[in-house]
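Colleague:
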Amino acid sequence: MTKPEPNLNTPKPKEASGSLSYSDRVKVSPDYQNWSVDYPDYNPVDYTDEFVSVHGVEQGWADPADVTEVDFSTRFSHTGEIQFDESGRPLNPAGRTGLRGRGKLGKWGANHAADPIVFSKNTRGELQILLIKRKDTGDWALPGGMVDPGEKFSQTALRELREEAGVNLENLEVQEVFSGVVDDPRNTDNAWMETVAVYVEIPNPVEPRAGDDADEAEWKIITPDLLSGLYASHGPILQAALDKRQRAKELE
Ligand code: BGC
């Protein structure tokens with residue numbers, strides 16, 4: 124029996140949004156990432172997870188599907204003024220990601236998080252950091268999370284520290300070390316993660332207890348391997364905190 128020839132004129136059936144995922148992301152060469160570079164053939168898949176478009180909208184933590192219903196005058200990005208495409212969707216300030224829509228993120232545009240960096244020394248005098256193992260990716264990460272309405276970034280960071288790692292430092296003063304876009308695997312062209320990271324050093328490493336989105340919580344000695352293996356941009360953010368701590372020590 125001869126194999127039937129594929130009919131090249133038959134259009135590929137359009138996939139229902141429920142069957143799309145982050146694996147539909149197309150690769151964008153670094154030369155074409157910047158929105159100012161012309162890329163007429165760029166036409167990535169439009170993916171918003173059903174968890175966001177159905178449950179998120181029902182539960183009130185996600186924006187409506189129609190981006191024109193969002194009042195962007197009440198929103199902000201740490202990177203400054205945001206650009207929009209011709210349909211009114213905000214454009215990721217870090218450039219093209221190979222995926223349109225919101226993916227698993229609730230908000231069109233910036234989705235704000237805050238991260239606590241807690242240092243302490245072990246009994247041998249080695250500097251340690253308090254980390255959690257994320258349930259979603261299995262990566263070691265800063266114990267941060269999403270900003271609740273009306274919260275200050277430092278409040279979010281310390282609340283998340285308590286919820287994710289069981290350590291309550293809510294009366295302590297913290298130093299800001301980073302604010303900006305994070306290279307997060309959930310980012311798309313129209314929705315992205317931004318974070319504010321704050322650091323604090325405590326004299327004794329309090330015993331942590333994993334909670335919420337964390338499988339484990341532990342004090343880790345800071346090594347180059349640890350820094351390079353952390354979730355998203357947490358390695359460079361931790362490095363920025365180490366540099367700031369070092370400069371502060373030199374001034375003491
Ligand atoms: C995490 C933060 C992280 C942010 C951006 C949030 O889900 O809880 O720790 O900085 O995403 O990647």
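Heads up: the sequence shown at position 112 corresponds to 235 in the numbering used here, and the numbers run straight through without jumps.
Even glycine gets a Cβ: it sits at the ideal position worked out from N, Cα and C.
Values in this document were obtained by computation on a predicted structure and should not be read as measured data.
One question on the structure: do Y354 and D259 come within less than 7 Å of each other, judged by their Cβ atoms?
Modeller: By one-based count along the sequence shown, residue 354 stands at place 231. By one-based count along the sequence shown, residue 259 stands at place 136. For Y354 and D259, no; Cβs fall outside 7 Å.
Colleague: Within the present structure, is the beta-carbon of L265 separated from the nearest heavy atom of the ligand BGC by less than 6 Å?
Modeller: By 1-based counting over the sequence shown, the position of residue 265 is 142. True, at least one ligand heavy atom lies under 6 Å from that Cβ.
Colleague: With a CB to CB cut of under 6 Å and the five nearest residues on each side skipped, what residues in its chain are close to A217?
Modeller: Counting from 1 along the sequence shown, the entry for residue 217 is found at position 94. Here the set comprises V304.
Colleague: Taking 6 Å as the cut-off, does the CB of A340 come closer than this to any heavy atom belonging to the ligand HEM?
Modeller: No copy of the ligand HEM appears in this structure; the ligands present are the ligand BGC.
Colleague: Is it the case that the Cβ atoms of R225 and V175 are separated by a distance below 7 Å?
Modeller: By one-based count along the sequence shown, residue 225 stands at place 102. By one-based count along the sequence shown, residue 175 stands at place 52. Yes, the pair counts as a contact, with Cβ atoms nearer than the cut-off.
Colleague: Should S243 and I325 be called a contact, given that it needs their Cβ atoms to be closer than 7 Å?
Modeller: On the sequence shown, residue 243 is found 120 positions in, with the first residue counted as 1. On the sequence shown, residue 325 is found 202 positions in, with the first residue counted as 1. Cβ atoms of S243 and I325: closer than 7 Å.
Colleague: Beta-carbon separation of L398 and W342 under 7 Å?
Modeller: Past the boundaries of the shown model lies residue 398; the chain is included only from 124 to 375, so the question cannot be answered.
Colleague: Any chance the segment 226–233 sits against the segment 166–181, with 3 or more Cβ pairs inside 8 Å?
Modeller: Cβ pair count under 8 Å is three or more, so yes.
Colleague: Going by DSSP in three states, I360 sits in which element: helix, strand or coil?
Modeller: Position 237 of the sequence shown, counted from the first residue, corresponds to residue 360. It is helical.
Colleague: Using CA atoms only, rank isn't needed, just tell me which of G289, E330, E296 is closest to D336.
Modeller: For the purposes of this step, residue 336 is identified with residue 213 of the sequence shown, where counting begins at 1. The option with the nearest alpha carbon to D336 is G289.
Colleague: Would you call the segment 157–169 and the segment 182–190 in contact, with 3 or more CB pairs under 8 Å?
Modeller: Segments in contact, no.
Colleague: Can you tell me whether A355 sits near the ligand BGC, meaning its C-beta is under 6 Å from at least one heavy atom of the ligand?
Modeller: Taking the first residue of the sequence shown as position 1, residue 355 is located at position 232. Yes, the ligand BGC has a heavy atom inside 6 Å of this Cβ.
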